[in-house]
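Novice: Please find one structure pasted underneath; my questions will follow.
2 protein chains.
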Amino acid sequence: MSTKNKILDAAENLFADKGFNGTSLREITSQAEVNLAAVNYHFGSKKELIKAVMSRYMNELSPRLELALTQVCETNSPSLIDVFSAFIDPLLSLNEFKDNGTSNFLQLLGRGYTDSQGFLRWFLTTQYPEVIDNFVLAVQKSYPELTAEEMFWRLHFTMGTVVFTMSSSDALIDIAKSDFDRDLQISDVIRNVIPYVAAGVGAPMPKLG
Amino acid sequence: MSTKNKILDAAENLFADKGFNGTSLREITSQAEVNLAAVNYHFGSKKELIKAVMSRYMNELSPRLELALTQVCETNSPSLIDVFSAFIDPLLSLNEFKDNGTSNFLQLLGRGYTDSQGFLRWFLTTQYPEVIDNFVLAVQKSYPELTAEEMFWRLHFTMGTVVFTMSSSDALIDIAKSDFDRDLQISDVIRNVIPYVAAGVGAPMPKLG
DNA sequence: AAGCAGTTTAAACAAGCGTTTTAAATAACG
DNA sequence: CGTTATTTAAAACGCTTGTTTAAACTGCTT
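Listed below in structure tokens is the structure:
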């Protein structure tokens, strides 16, 4: 395995676990068993390393997500459950791409929105806008009465639900084990959250105030 | 104003804005216009300062929330909208307690769940368990079919929605202004999120798999 | 007025951070 | 094989972090 990939793998796991600010380059390089200077040699800076970690996933996920959402749009009358369910397979496919891929990616997404004052949000929305566009189109098709403004709010609420849930999914899975004696995985958490966000996005439009 | 309170006020604003990890004691003391060592003198450590900032709000909020939720439980057949609406007044009352109180508190809550690897979650759930208990009781009253396990998940999803939304509420309000020409405040965001979370928690129980 | 606890101050501490620099080792290629 | 380019290695850089120290100052009581 190349030094570059060893760094990416170690960085990904540590970032997901402890956040970007909370992970030092020395932790990364010592877990990757490479020299400290290798990060700056291969990636230039910590910030560029973060981008590289995210890009590796986005480049894998983005086309699959685009395809799945396009297919949903082409069906006759997709429900919101259908729209959100379109995320399942592309997300779970990240597990074949890499161990713990799904979990890591979703946790990284969560970190990126709260750590580092939104620079990752900027990065994702400017580098991968078509993902959001496709998603908005799919939701519009299944809930045409939703105004653009309500849509904006509800999509952001959904982002919050998913991202927050995933960034603490390890703790949730632990609690589910101890409190309800359930052995769950990240895929179960994803399937669990879908009815929730679908109902949230599908809530009736509030009366005009 | 006492040094202690100057520190608490400055710390609160900076923590809400940049997170706990992202804020240094030197930033806090220079904004508070007190000496650096004053933090350790009055609070002992940065961690204790974080607790103090949160406690100041929780001690204000907790009894009001308890009262409001108890009152909802006493009504005949409360809807989930009623339950979540019970949060509005207690939360907005924090604005009288302090400028930007509501916004700051909710953002701090969000920070506390993602920064610092969940120590704040531990602190809140162990120090203020009655808030959660009351909330669970109220939800059970308005949706008795919900199993304890489903309740656990949905309450956590809700926490995620609210906490994430609030931690990025400033950005959301900016977007609402530029995209939809709306001048919103934190109270509008709260009112906006209620139908969403109420619908999410109220989603039909999924079929047994 | 002296003493004293409570508070504030400036300075220093040790540790960790991202990054850079140096030199040595390795690989690629004519 | 020899030369050039790439990659690794160890050390140091300058800076920031939370915390501690010891001295100075404050306002109050005896």
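Protein chains in written order, with this note's numbering: chain U, 6 to 214; chain Z, 6 to 214. Just so you know, even glycine gets a beta-carbon here, dropped at the ideal spot from N, CA and C.
1. In chain U, which residues lie with their C-beta within 9 angstroms of the C-beta of Z/PHE157?
2. Suppose you measure from the CA of U/VAL194 to the CA of U/GLY205; what does that come to, to the nearest Å?
3. Give me the chain U residues within the contact set of Z/PRO211, using Cβ-Cβ distance strictly less than 7 angstroms, ordered along the chain.
4. Drop a sphere of 10 angstroms on the beta-carbon of U/ARG116, count the other beta-carbons inside from all chains shown, and report buried for 16 or more, exposed for fewer.
5. Mark Z/GLU79 as exposed unless 16 or more other C-beta atoms lie within 10 angstroms of its C-beta, in which case mark it buried.
6. So is Z/ARG187 buried or exposed if we call it buried at 16+ other beta carbons inside 10 Å?
7. If you draw a straight line from the C-alpha of U/ALA43 to the C-alpha of U/THR107, how long is it?
8. Leaving out the 5 sequence neighbours to the left and right, which residues in its chain are closer than 7 angstroms to Z/ALA15 when beta-carbon positions are compared?
9. In chain order, what residues of the same chain have a beta carbon less than 7 angstroms from the beta carbon of U/ALA57, not counting five sequence neighbours either side?
10. Quick one, which residues of the region 158-169 of chain Z are near chain U if we go by CB-CB under 7 angstroms, in chain order?
11. Is Z/SER173 close to chain U? Criterion is C-beta to C-beta, closer than 8 angstroms.
12. Consult DSSP for Z/GLN76 and reduce its assignment to one of helix, strand or coil.
13. Alpha carbon to alpha carbon, how far is Z/SER29 from U/ALA143?
14. Along chain U, in chain order, which residues have C-beta atoms closer than 8 angstroms to that of Z/ASN26?
15. For U/LEU85 and U/TYR201, what's the separation of their Cα atoms in angstroms?
16. Taking 8 angstroms as the threshold (C-beta atoms), are Z/ASP104 and Z/PHE25 in contact?
17. Who are the near neighbours of Z/VAL141 in its chain, counting only those whose CB is closer than 8 angstroms to its CB and skipping five residues on each side?
18. For U/VAL168 versus Z/PHE169, is the C-beta spacing smaller than 8 angstroms?
19. Quick one, which of Z/LEU114, Z/PHE185, Z/TYR118 and Z/GLU154 has its alpha-carbon nearest Z/ARG61's?
20. Tell me, please, whether the CB atom of U/GLU150 is closer than 8 angstroms to any CB atom in chain Z?
21. Would a check of beta-carbon distances place U/GLU32 closer than 8 angstroms to chain Z?
22. Report back the beta-carbon spacing between Z/MET171 and Z/LEU111 to the nearest angstrom; my notes put them in contact at under 8 angstroms.
23. Is the distance from the Cβ of U/PHE128 to the Cβ of U/ILE199 below 8 angstroms?
24. Just to confirm, is the Cβ distance from Z/VAL136 to Z/LEU54 under 8 angstroms?
25. For the alpha helix (DSSP H) containing U/VAL144, name the first residue and the last one.
26. On the criterion of 16 or more Cβ atoms from any shown chain inside 10 Å, does Z/SER50 qualify as buried, or is it exposed?
27. Which class does U/PHE25 belong to by DSSP, given the choice of helix, strand or coil?
Specialist: According to the data block:
1. In the second sequence, the residue the question calls residue 157 of chain Z occupies position 152. Within chain U, the residues near Z/PHE157 are LEU177, ILE180, ALA181, ASP184 and PHE185.
2. In the first sequence, the residue the question calls residue 194 of chain U occupies position 189. In the first sequence, the residue the question calls residue 205 of chain U occupies position 200. Their Cα atoms are separated by approximately 17 angstroms.
3. For the purposes of this step, residue 211 of chain Z is taken as the residue at position 206 of the second sequence. Chain U residues near Z/PRO211: PRO200.
4. As a first step, residue 116 of chain U is located in the first sequence; it is residue number 111 there, counting from the start. By the neighbour-count definition (other C-beta atoms within 10 Å, threshold 16), U/ARG116 is a buried residue.
5. Numbered from 1 along the second sequence, position 74 holds the residue referred to as residue 79 of chain Z. Around the Cβ of Z/GLU79, a 10 Å sphere holds fewer than 16 other Cβ atoms; the residue is exposed.
6. Within the second sequence, numbered from 1, the residue matching residue 187 of chain Z stands at position 182. Z/ARG187 is exposed by the Cβ-count criterion.
7. On the first sequence, residue 43 of chain U is found 38 positions in, with the first residue counted as 1. On the first sequence, residue 107 of chain U is found 102 positions in, with the first residue counted as 1. Roughly 27 angstroms separates the two Cα atoms.
8. Your numbering for residue 15 of chain Z matches position 10 in the second sequence. Cβ neighbours of Z/ALA15 beyond the five flanking positions: ILE33, GLN36 and ALA37.
9. Stepping through the first sequence from its first residue, residue 57 of chain U is reached at position 52. Closer than 7 angstroms at Cβ, skipping near neighbours: LEU13 and PHE48.
10. The region 158-169 of chain Z vs chain U, Cβ under 7 angstroms: TRP158, ARG159, HIS161, PHE162, GLY165, THR166, VAL168 and PHE169.
11. Taking the second sequence and counting its residues from 1, the one referred to as residue 173 of chain Z is at position 168. Residue contact with chain U for Z/SER173: present (Cβ-Cβ distance below 8 angstroms to some residue of chain U).
12. As a working note, residue 76 of chain Z is residue 71 in the second sequence. Helix at Z/GLN76.
13. Mapped onto the second sequence, residue 29 of chain Z falls at position 24. Mapped onto the first sequence, residue 143 of chain U falls at position 138. If you draw a straight line from the Cα of Z/SER29 to the Cα of U/ALA143, it comes to about 44 angstroms.
14. Here residue 26 of chain Z refers to the residue found at position 21 when the second sequence is read from its first residue. GLY24, ASN26 and GLY27, listed in chain order.
15. Against the first sequence, residue 85 of chain U aligns to sequence position 80. Against the first sequence, residue 201 of chain U aligns to sequence position 196. When rounded, the distance between both Cα atoms is 11 angstroms.
16. The residue labelled residue 25 of chain Z in the question sits at position 20 within the second sequence. The residue labelled residue 104 of chain Z in the question sits at position 99 within the second sequence. No, Cβ-Cβ distance for Z/PHE25 and Z/ASP104 is not below 8 angstroms.
17. If you number the second sequence from 1, residue 141 of chain Z lands on position 136. Within the same chain, and ignoring the five residues on either side of Z/VAL141 in sequence, the residues whose Cβ sits closer than 8 angstroms to its Cβ are MET156 and LEU160.
18. Your numbering for residue 168 of chain U matches position 163 in the first sequence. Your numbering for residue 169 of chain Z matches position 164 in the second sequence. Contact: yes.
19. Here residue 61 of chain Z refers to the residue found at position 56 when the second sequence is read from its first residue. The residue with the shortest Cα to Cα distance from Z/ARG61 is Z/LEU114.
20. For the purposes of this step, residue 150 of chain U is taken as the residue at position 145 of the first sequence. U/GLU150 is outside the set of residues whose beta carbon lies under 8 angstroms from a beta carbon in chain Z.
21. Counting from one through the first sequence, the residue named residue 32 of chain U turns up at place 27. Answer no: the Cβ-Cβ gap between U/GLU32 and chain Z never drops below 8 angstroms.
22. Within the second sequence, the letter at position 166 stands for residue 171 of chain Z. Within the second sequence, the letter at position 106 stands for residue 111 of chain Z. Between Z/LEU111 and Z/MET171 the Cβ distance is about 3 angstroms, and since that is below 8 angstroms, they are a contact.
23. The residue given as residue 128 of chain U occupies position 123 in the first sequence. The residue given as residue 199 of chain U occupies position 194 in the first sequence. Cβ distance not < 8 angstroms, so U/PHE128 and U/ILE199 don't count as in contact.
24. For the purposes of this step, residue 136 of chain Z is taken as residue 131 along the second sequence, with counting starting at 1. For the purposes of this step, residue 54 of chain Z is taken as residue 49 along the second sequence, with counting starting at 1. Cβ distance not < 8 angstroms, so Z/VAL136 and Z/LEU54 don't count as in contact.
25. The residue labelled residue 144 of chain U in the question sits at position 139 within the first sequence. Where U/VAL144 is concerned, the enclosing alpha helix (DSSP H) stretches over 134-147.
26. The sequence position of residue 50 of chain Z within the second sequence is 45, counting from 1. A residue is called buried once 16 or more other Cβ atoms fall within 10 Å of its Cβ, and Z/SER50, having fewer, is exposed.
27. Within the first sequence, residue 25 of chain U is the residue found at index 20, counting from 1. Coil.
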